[in-house]
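These notes are about the structure you will find just below.
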Amino acid sequence: PANFSDEGRRNFSEACLAHVGKIEDLCNQYEIPLLAAALQWCTRHPQIACAIPGGRTPEEAATNAKAGAVDIPEAFWTDLEPMIRHWEKGVDR
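Heads up, the sequence shown is in the working numbering, so the first residue is 41 and it goes up one at a time.
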């Protein structure tokens, strides 16, 4: 992923990072911020009422709020669905 620090990378396998890159590419095709897709994916489940991301600064809190309001077409979720997978700690990351 484009905005992933070297410090963050050390905790994930190359396969995991490559997979995130593919999801990021899909987001770019739809012109959707990765943050918006990540937050809204959580709240798409009918048993999840909200997502509470922790912003470290007022600016991050504002960015998170805006991400929750991004209009994401159903076609994006359809294209994302086959890309969703579980990563085992200690195996894949």
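The beta-carbon is built from N, C-alpha and C at its ideal position, and this holds for glycine as well.
Residue i: CB within 7 angstroms of a non-hydrogen atom of the ligand GTP
i, result
"A102", "By its list of ligands, the structure shown contains no ligand whatsoever, and the ligand GTP lies outside what it can speak to."
Opening and closing residue of the alpha helix (DSSP H) in which residue i lies
i, result
"A102", "98-109"
"I63", "54-70"
"W81", "74-83"
"W117", "114-120"
Under 8 angstroms between C-beta atoms of residue i and residue j
i, j, result
"L79", "A89", "no"
"A107", "P73", "yes"
"C56", "W127", "yes"
From the options, residue whose alpha carbon lies closest to that of residue i
i, options, result
"R67", "D111, H85, P93, H126", "Reading the sequence as shown, one finds Cys at residue 67 and not Arg. Taking only the C-alpha atoms, the option nearest C67 is D111."
"G95", "V131, F116, F52, L75", "L75"
"Y70", "L120, K129, E128", "L120"
"D65", "F116, E128, F52, K129", "F116"
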